[in-house]
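Accompanying notes for the structure given below.
Protein chains: 2
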Amino acid sequence: MDAIDRKIINRLQQNARVSLKELAKECYISPPTISARIRHMEKSGVIKNYYTLIDPKKAGYHIKAFINVKVEPADKAAFYTYIRDVPNVLECNCISGEFSMLIKVIFESTELLDSFINSLQKFGKTNTQIVFSTPVDVRGIHLSE
Amino acid sequence: MDAIDRKIINRLQQNARVSLKELAKECYISPPTISARIRHMEKSGVIKNYYTLIDPKKAGYHIKAFINVKVEPADKAAFYTYIRDVPNVLECNCISGEFSMLIKVIFESTELLDSFINSLQKFGKTNTQIVFSTPVDVRGIHLSE
DNA sequence: AGTGAAATGAATCTGTA
DNA sequence: TACAGATTCATTTCACT
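Protein sequences appear in the order of chains A and B. Under this note's numbering, the first residue of the first sequence carries the number 505, and numbering increases by one thereafter. Under this note's numbering, the first residue of the second sequence carries the number 505, and numbering increases by one thereafter.
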């Protein structure tokens, strides 16, 4: 990971579909070299995925929420298995504090969110925070070059 | 937004760098049509961005956390302006409940996280949850086709 | 909206330093 | 690790359904 790799990453985070040719121009090295560097970062796991951010509302998902769940350590494995297969779960983190899990979800309606929260009760107490607005949406880290 | 558009979106969410040719094959329509559909979804705002997910730890960011901040309505505009320019902020949502803001951040060290939390005190009380693990990392919504 | 075929443009492969 | 040139491959444009 040198300055050029960081520059490539910054650019890919802004636009994952940028061409190798443009990256080559911006980094003052040839396209084959850019290609090799990207492949290398994919293999080493620095680059995990190329992802498309869509507008959930325009896709019919009007409710976004964060749900805190208090899961006992013994139930964690079962919880992970369950949560991974629910497509409405956009992210799940294991965190410090009274509630051990923080999951980000989107749903078409409050009714569906409610029914999902009910399904979580078998794992433990929940606390739900509804999203009103998103002043900063999912974005990357700007690495210093 | 028909079934083909949803299929394109599902595929782009899995891999934003997939070629038009492959999308064309999978959707049984020609590359120019795929291209036109994608352009259309970009213009209408359904597709917001193509984003690269990197491994923060491999980039030197070892601490991930969620910070709840209690911001008075009158201070929101100033808070948004501040938060938007902090590159360590990966997401910021305005939410229901006692704390009005939920921000996701990454830092190189706990010291830097601590100093950031201090800088937030002028906006209101904070409550920080450190991330131990991420069983489900940032992902897209699977649209039914 | 959709297509096929031509033209353009980009990515990969081979050679080489 | 990097490159330049040749080849292969993908994307865009355009005339037409």
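Every residue, glycine too, gets a C-beta built ideally from N, C-alpha and C.
Where residue i meets chain B, residues with beta-carbon distance less than 9 angstroms
i	result
Thr638/A	Glu595, Cys596, Asn597, Cys598
Tyr584/A	Pro639, Val640
Reference residue i, options the options, closest by Cα
i	options	result
Leu617/A	Pro536/A, Gln633/A, Gln518/A	Gln633/A
Gly644/A	Ile508/B, Phe620/B, Thr630/B, Phe611/B	Phe611/B
Lys574/B	His646/B, Val522/B, Phe603/B, Ser548/B	Phe603/B
His566/B	Gln517/B, Arg510/B, Thr614/B	Thr614/B
Lys472/B	Asp589/B, Ser648/B, Ser637/B, Glu576/B	Only positions 505 to 649 of chain B appear in the structure, and residue 472/B is not among them; the question remains open.
Ser600/B	Thr556/A, Glu526/A, Ser637/A	Ser637/A
Phe583/B	Met545/B, Ser623/B, Tyr532/B	Ser623/B
Arg521/B	Asp506/A, Ile551/A, Ser648/A, Met505/A	Ile551/A
Arg657/A	Lys529/B, Ile587/B, Glu649/B, Asn553/B	Nothing can be reported for residue 657/A, as the shown portion of chain A is limited to 505 through 649.
Gln625/B	Asn519/B, Ala563/B, Tyr586/B, Ile512/B	Tyr586/B
Cys531/A	Ile512/A, Gln517/A, Arg543/A	Ile512/A
Met545/A	Asn631/A, Ile621/A, Met505/A	Met505/A
Pro560/B	Gln517/A, Gly564/A, Glu526/A	Gln517/A
Chain B within 9 angstroms of residue i, Cβ atoms only
i	result
Ser623/A	no
Val573/A	no
Thr537/A	no
Phe570/A	yes
Ile567/A	no
Whole-Å CB distance - residue i paired with residue j, under 8 angstroms assumed
i	j	result
Arg593/B	Cys596/A	The sequence shown places Val at residue 593/B, rather than the Arg named in the question. That pair is no contact at about 20 angstroms.
Ala569/B	Val609/B	6 angstroms
Val642/A	Val642/B	6 angstroms
Arg541/B	Ile571/B	Not a contact, Cβ separation roughly 39 angstroms.
Ser539/A	Leu557/A	The Cβ separation is near 24 angstroms, so there is no contact.
Asp589/A	Phe627/A	14 angstroms between Cβ atoms; not a contact.
Gly549/A	Lys562/B	6 angstroms
Leu647/A	Arg510/A	4 angstroms
Proximal residues of chain B, C-beta to C-beta of residue i below 7 angstroms
i	result
Asp559/A	Gly549, Val550, Lys552
Ala563/A	Val550, Ile645, Leu647
Under 8 angstroms from the C-beta of residue i: neighbouring residues of chain B
i	result
Pro591/A	Ile645, His646
Collapsed DSSP secondary structure at residue i in the structure displayed
i	result
Lys580/A	helix
Pro536/B	helix
Ser637/A	strand
Tyr586/A	helix
Phe611/A	strand
Leu527/A	helix
Phe470/B	Because chain B is modelled from 505 through 649, residue 470/B falls outside the range shown and cannot be assessed.
Asn631/A	strand
Glu602/B	coil
Asn514/A	helix
Ile558/A	strand
Ile551/B	strand
Leu617/B	helix
Glu727/A	Missing from the structure shown is residue 727/A; chain A here goes from 505 to 649 and no further.
Asn519/B	coil
Leu594/B	strand
Asp506/A	coil
Ser648/B	coil
Arg541/A	helix
Contacts of residue i in chain A (Cβ-Cβ under 7 angstroms)
i	result
Phe520/B	Position check: residue 520/B holds Ala in this sequence, whereas Phe was assumed. Chain A residues near Ala520/B: Ala520, Arg521, Tyr554, Tyr555, Thr556.
Leu516/B	Thr556
Leu606/B	Phe570, Gln633
Min CB distance residue i to chain A below 9 angstroms
i	result
Arg541/B	no
Gly628/B	no
Ile508/B	no
Ile533/B	no
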